[in-house]
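Enquirer: Below is a structure I'd like to ask you about.
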Amino acid sequence: MSSSDGDYGKLTSPCQIVKADSGRHWLEEDLVVRETPLTVFVNSREIATLVCSPVDQVYLAVGFLCSEGVLKKREDLESVELDADRGLIRIKTAPLPGIEEKMFLKRHITPSAGRSNIRVHFAAEAGLPPPVTSQLQIKAATATRLAAELQERAHLFRRTGGVHNAALVQGEEILIFQEDIGRHNTIDKIHGRCFLEGIPRSDKMVVFSGRVSSEIVLKVARMRVPVLISRSAPTDLALKLAEELQITLLGFVRENRLSVYAHGERVLF
479 MSSSDGDYGK
489 LTSPCQIVKA
499 DSGRHWLEED
509 LVVRETPLTV
519 FVNSREIATL
529 VCSPVDQVYL
539 AVGFLCSEGV
549 LKKREDLESV
559 ELDADRGLIR
569 IKTAPLPGIE
579 EKMFLKRHIT
589 PSAGRSNIRV
599 HFAAEAGLPP
609 PVTSQLQIKA
619 ATATRLAAEL
629 QERAHLFRRT
639 GGVHNAALVQ
649 GEEILIFQED
659 IGRHNTIDKI
669 HGRCFLEGIP
679 RSDKMVVFSG
689 RVSSEIVLKV
699 ARMRVPVLIS
709 RSAPTDLALK
719 LAEELQITLL
729 GFVRENRLSV
739 YAHGERVLF
């Protein structure tokens, strides 16, 4: 299921460009991706403005709050009201302990993130979830096929070069596919949809197009997804976090090759 099917009119804007090649130049019609701000209010208080593609914004805002550790179970969420024309979304939650500290204190991951005690650092700065326990295993050949299918579905990227994409997978089937100008947004949109529709994740995998940072690993861990497959590279802090949170991390998954960076015991060759 692709959230973007039929929505390319919403996701792109036409423009006229001058193109040059081999000493020649000419006018040409082109498409660029649209970028819109979405201001999120929680319990009538403004907490963030997310820059995103203008589709599936309810999933994005809800997934963002899940990834921040604010929403943990469906009963935490009372209502969602999207005003797409004004770029606003208003979310009401049940009374939640510690919500002020979670949402309204500025967090910043400093260079001290390189310290060896990564659990202490993230617990203080970003809130570290417990390790992901799962008996899920994946064949290396399956991982490369899934990465290829993700690329095949990335129609908007091929047309514009301006978006990232991610998918939630069970076995060899893509269940949810997302494209967005923000790589973090693709993960949050998947998380938000799973949260709202009650989709379990412990037997699922995430396939991702972009660089894997520590924030991406943290978002996947908060989803309770045990395997992250990326066509790109991870950072050093992402590797440390994946080891700590027991996330199987595969990078540079392209054609018939891949690199296993963390928890390779789930990978079958």
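Sequential numbering of the sequence shown, starting at 479, is according to the numbering used here. Ideal placement from N, C-alpha and C gives every residue a C-beta, glycine not left out.
1) So the alpha helix (DSSP H) residue 642 belongs to, where does it begin and stop?
2) So, helix, strand or coil for residue 666, using DSSP?
3) With a cut-off of 8 Å on the beta carbons, I'd call residue 490 and residue 565 a contact; round off their distance for me.
4) Could you pull the DSSP bridge partners for residue 499 from this structure?
5) With a Cβ-Cβ cutoff of 8 Å, do residue 699 and residue 723 count as a contact?
6) Using a 10 Å radius around the Cβ and a threshold of 16 neighbouring Cβ atoms, would you call residue 737 buried or exposed?
7) Quick one: what does DSSP say residue 676 is sitting in, helix, strand or coil?
8) For residue 553 and residue 572, which I take to be in contact (beta-carbon distance under 8 Å), what is that distance rounded to the nearest angstrom?
9) Who are residue 527's beta bridge partners in DSSP?
10) Starting from residue 699, trace the alpha helix (DSSP H) both ways and give me its first and last residue.
11) Could you tell me which residues DSSP pairs with residue 729 in its beta bridges?
12) Rounded to whole angstroms, what is the Cα-Cα separation between residue 721 and residue 493?
13) Is it the case that the Cβ atoms of residue 519 and residue 666 are separated by a distance below 8 Å?
14) Here's the rule I'm using: 16 or more other beta-carbon atoms within 10 Å means buried, otherwise exposed. How should residue 575 be labelled?
15) Helix, strand or coil for residue 656, going by three-state DSSP, please let me know.
16) According to DSSP, what are the bridge partners of residue 492?
17) So, at 6 Å on beta carbons, what are the nonlocal neighbours of residue 631 in its own chain, with the 5 sequence-adjacent residues on each side left out?
18) Identify whether residue 686 lies in helix, strand or coil by the three-state DSSP scheme.
19) Return helix, strand or coil for residue 630, following the three-state DSSP convention.
20) Strictly by DSSP, which residues pair up with residue 745?
21) Tell me whether residue 554 sits in a helix, a strand or coil according to DSSP, three-state version.
22) Can you give the Cα-Cα distance for residue 506 and residue 500, rounded to whole angstroms?
23) Where does the unbroken alpha helix (DSSP H) through residue 540 begin, and where does it stop?
24) I need the DSSP call for residue 561, collapsed to helix, strand or coil.
25) Given a threshold of 16 other Cβ atoms within 10 Å of its Cβ, counted over all protein chains shown, does residue 615 qualify as buried or as exposed?
26) Report yes or no: do three or more beta-carbon pairs, one from the stretch 682–700 and one from the stretch 643–657, lie closer than 8 Å?
27) DSSP on residue 441, reduced to helix/strand/coil?
Expert: A quick look at the data gives this:
1) Counting from 1 along the sequence shown, the entry for residue 642 is found at position 164. Going by DSSP, residue 642 is part of no alpha helix (DSSP H) but of the beta strand (DSSP E) stretching over 642–648.
2) Here residue 666 refers to the residue found at position 188 of the sequence shown. In the structure shown, residue 666 sits in a helix (DSSP, three-state: H, G or I).
3) Looking up residue 490 in the sequence shown gives position 12. Looking up residue 565 in the sequence shown gives position 87. Rounded, the Cβ-Cβ distance is 18 Å, inconsistent with contact.
4) Start at 1 with the first residue of the sequence shown, and residue 499 comes out as number 21. BP columns for residue 499 point to 502.
5) Numbered from its first residue, the sequence shown carries residue 699 at position 221. Numbered from its first residue, the sequence shown carries residue 723 at position 245. In this structure, residue 723 lies closer than 8 Å to residue 699 by Cβ.
6) Here residue 737 corresponds to residue number 259 of the sequence shown, with the count starting at 1. Exposed, since its Cβ has fewer than 16 Cβ neighbours within 10 Å.
7) Translated into positions along the sequence shown, residue 676 becomes position 198. Here residue 676 sits in coil by DSSP.
8) On the sequence shown, residue 553 is found 75 positions in, with the first residue counted as 1. On the sequence shown, residue 572 is found 94 positions in, with the first residue counted as 1. Cβ-Cβ separation between residue 553 and residue 572: approximately 6 Å, consistent with a contact (criterion under 8 Å).
9) Residue numbering aside, residue 527 sits at position 49 when the sequence shown is read from its first letter. When beta bridges are read from the DSSP output, residue 527 appears opposite 517.
10) One-based indexing of the sequence shown puts residue 699 at position 221. Segment 692–701, the alpha helix (DSSP H) holding residue 699.
11) Position 251 of the sequence shown, counting from 1, holds the residue named residue 729. 737.
12) Against the sequence shown, residue 721 aligns to sequence position 243. Against the sequence shown, residue 493 aligns to sequence position 15. Here the alpha carbons of residue 493 and residue 721 stand approximately 45 Å from one another.
13) Numbered from 1 along the sequence shown, position 41 holds the residue referred to as residue 519. Numbered from 1 along the sequence shown, position 188 holds the residue referred to as residue 666. The answer is no: Cβ separation not under 8 Å.
14) One-based indexing of the sequence shown puts residue 575 at position 97. If you draw a 10 Å sphere on the C-beta of residue 575, you find fewer than 16 other C-beta atoms in it, and that means exposed.
15) Position 178 of the sequence shown, counted from the start, is the residue given in the question as residue 656. Residue 656: strand per DSSP, three-state reduction.
16) Position 14 of the sequence shown, counted from the start, is the residue given in the question as residue 492. According to DSSP, which records beta bridges pairwise, residue 492 is partnered with 509.
17) Along the sequence shown, one-based indexing puts residue 631 at 153. Only 655 meet the Cβ criterion.
18) Translated into the one-based positions of the sequence shown, residue 686 becomes position 208. In the structure shown, residue 686 falls within a strand segment according to DSSP collapsed to helix, strand and coil.
19) As a working mapping, residue 630 is identified with position 152 in the sequence shown. Of the three classes helix, strand and coil, the one that applies to residue 630 here is helix, per DSSP.
20) Numbered from 1 along the sequence shown, position 267 holds the residue referred to as residue 745. Looking at the DSSP assignment, residue 745 forms a beta bridge with 616.
21) The residue you call residue 554 lines up with position 76 of the sequence shown. In the displayed model, residue 554 falls within a helix according to three-state DSSP.
22) Reading the sequence shown from its first residue, position 28 is the one you call residue 506. Reading the sequence shown from its first residue, position 22 is the one you call residue 500. Each residue's alpha carbon lies about 16 Å from the other.
23) On the sequence shown, residue 540 is found 62 positions in, with the first residue counted as 1. Counting along the chain, the alpha helix (DSSP H) containing residue 540 begins and ends at 535–545.
24) One-based indexing of the sequence shown puts residue 561 at position 83. Looking at residue 561 - three-state DSSP - the assignment turns out to be strand.
25) Reading the sequence shown from its first residue, position 137 is the one you call residue 615. Burial call: exposed.
26) Segments in contact, yes.
27) Residue numbering for the chain in the displayed model covers 479 to 747; residue 441 lies beyond these limits and cannot be assessed.
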